[in-house]
Amino acid sequence: MSDTTQLDEKISVQRPLREVFAYIADFARIEEWDPAVARGERLTPGELGVGTKFRITMRAGFSLLYTVTDWEVDRRLAMTVDSKFFSAFEEIGFAATGDGTQVRYVATFTFPGLFAQFAKRFPSFMDGIGKSAMAGMKRALEDQFDVPAGSVGTAVADKLILPGVLRFTRLGYRGARKHWNPTSAYMGDRHVVITGATSGLGLATAEVLASRGAELTLVARDSTKAISVADELKRRFGNPRIHVEIADLCVLAEVDALVHRLLASSRPIHALVNNAGALVNARELTSEGLERSFALLLLSPMRLTEGLQPRLRSSATAEQPSRVINVLSGGMYSQKICVDDLQSAAGTYSGPVAYARAKRGLMILTEEWARSWSDDHIVVHAMHPGWADTPGVVASLPTFHHVTRGLLRSPAEGADTIVWLTCATEAAKTSGLFWLDRLPHAAHMLATTRETMAEREALLASLRGFANA
Ligand SMILES: NC(=O)c1ccc[n+]([C@@H]2O[C@H](COP(=O)([O-])OP(=O)(O)OC[C@H]3O[C@@H](n4cnc5c(N)ncnc54)[C@H](OP(=O)(O)O)[C@@H]3O)[C@@H](O)[C@H]2O)c1
């Protein structure tokens with residue numbers, strides 16, 4: 048014995064048709080809008096279309112296999128659904144209205160045996176699930192979320208060692224994500240430049256942005272690796288607009304040449320992610336005679352960002368500011384900027400100290416750029432990814448990696464806030480803050496790491512001196 052139940056729901060939103068279609072048709076993102084769903088995954092590589100499969104894991108613990116059977120861009124999407132409890136046929140129709148888009152969702156569920164009796168006896172149960180999914184879809188597409196604010200609790204936890212440190216682990220990520228809002232902003236008309244996109248957090252960022260249809264430029268030092276990453280992104284996500292630029296970002300001449308090439312191209316730049324980085328344990332000099340951590344983590348992002356500032360400015364509008372995202376580290380909390388010894392020449396060299404001071408310097412630049420570029424519609428963010436299990440951590444901190452690996456975040460979890468700061472509508476309404484797990488945190492935990500105004504000015508003068516050398 049089997050029985051069928053039908054749902055037929057409609058919503059209207061003030062968003063252009065192509066944005067609504069792009070968000071809903073990437074059905075793995077249902078986890079952002081349907082409260083009954085725990086996780087959505089795209090199973091088939093390539094462009095979305097007929098034959099694309101999604102695995103949707105429900106909070107109730109079972110999973111559904113969706114297969115796209117009809118695909119008409121900006122018009123209609125149909126999918127079959129298989130699970131151990133029921134099968135279904137779902138159709139989603141899209142139509143432009145005077146001021147936005149209407150979405151109609153029709154689902155026919157077929158329940159076998161006992162489940163058929165249940166569905167018959169409790170029709171309001173299925174109806175309730177459908178209505179709450181559509182309400183979630185509407186809320187996601189309306190995309191009117193407040194900028195998240197730090198709380199007294201966050202500030203206190205930051206100052207306490209155990210909660211502060213636990214937050215950096217995957218436990219912190221999993222706790223935080225319960226409170227997040229959907230990010231339905233359309234990325235198909237955005238171009239994002241990402242440094243260090245061949246590994247770890249940069250690669251994880253590129254994967255999500257490529258899947259959302261953004262045009263990407265991957266900046267990398269190793270052309271073989273970069274081309275293979277770009278080819279793989281194109282193959283997996285059916286996104287052909289993935290470009291590669293080669294530059295060793297420790298070398299200022301290469302940073303300058305990169306800026307020159309990016310400005311010479313006609314492409315706008317809507318976001319720049321300064322992610323490339325490494326923790327070097329022994330003091331090394333670059334081919335230009337600069338200490339490596341200082342060159343890679345502070346001077347290079349400064350030169351790149353200030354060099355690209357005119358393009359970021361010309362690509363921005365008041366409604367759609369351009370964004371700079373600086374990937375920093377919680378290590379910064381332990382250090383004050385040392386303006387007299389930016390290249391860590393005095394005393395015994397410590398890689399973690401040089402690294403943390405450079406990240407502290409980039410935090411100061413984040414605040415300075417946010418202030419000076421607010422009239423140019425450029426927002427500037429700094430973020431801490433938490434502790435993520437990346438090749439960089441394995442190479443630089445093998446003991447730390449060995450001891451903590453059960454608690455480390457995945458690269459995608461570490462990269463989540465980079466992606467959110469790059470895409471979320473609400474993240475374009477704030478500037479100059481330090482973010483972890485989509486929440487702003489204090490830039491200092493200790494009064495002793497605060498620089499004076501004179502030190503700040505000396506830092507900027509010194510960095511600009513190098514930059515103009
Ligand atoms: N993972 C964490 O827990 C963690 C925590 C705090 C902060 N961070 C920060 O997150 C960022 C990414 O780190 P990750 O953990 O993802 O490390 P990763 O896996 O080693 O990735 C670093 C990326 O930077 C690139 N890179 C390094 N030196 C470069 C240079 N001279 N020129 C151009 N590209 C260069 C690497 O290129 P190759 O592939 O050629 O090596 C790679 O693509 C870094 O800024 C790091 O400081 C990470």
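My numbering applies: residue 48 is where the sequence shown begins, and numbers increase by one. Glycine included, C-beta positions come from ideal geometry on N, C-alpha and C.
- Pairing residue 148 with residue 56 gives a Cβ-Cβ distance that is not under 9 Å.
- Ranked by Cα distance from residue 50, the options 112, 164, 111 are led by 164.
- For residue 297, the distance from the CB to the nearest heavy atom of ligand 1 is below 8 Å.
- Closest option to residue 374, judged by alpha-carbon separation, among 242, 339, 449: 242.
- Judged by DSSP secondary structure, residue 110 falls within the beta strand (DSSP E) whose first and last residues are 110 to 119.
- Ligand 1 never approaches residue 397 closely enough for any of its heavy atoms to be under 8 Å from the residue's Cβ.
- Look at residue 280: its beta carbon is at least 8 Å from all of the heavy atoms in ligand 1.
- For the pair residue 122 and residue 480, the Cα-to-Cα distance works out to about 40 Å.
- Closest in C-alpha terms to residue 126, from the list 132, 172, 116, comes 116.
- Comparing C-alpha distances from residue 54 to each of 139, 414, 118 shows the shortest one belongs to 139.
- Contact check for residue 334 and residue 401: beta-carbon distance about 18 Å, past the 8 Å limit, so the pair fails to qualify.
- Three or more beta-carbon pairs drawn from the stretch 219 to 237 and the stretch 247 to 261 are found closer than 8 Å, and the two stretches are therefore classed as touching.
- Rounded to whole angstroms, the separation of the alpha carbons of residue 227 and residue 392 is 44 Å.
- Here residue 464 really is in contact with residue 432; their C-beta atoms are around 7 Å apart, less than 8 Å.
- If you check the C-beta of residue 63 against ligand 1, you find no heavy atom less than 8 Å away.
- Here the distance from the Cβ of residue 269 to the nearest heavy atom of ligand 1 is below 8 Å.
- DSSP places residue 492 in the coil class of the three-state scheme, outside both helix and strand.
- With fewer than 16 other CB atoms across the displayed protein chains lying within 10 angstroms of its CB, residue 500 is exposed.
- For residue 350, the closest C-alpha among the options 306, 332, 336 is that of 306.
- Of the candidates 73, 300, 130, the residue whose Cα lies closest to the Cα of residue 158 is 130.
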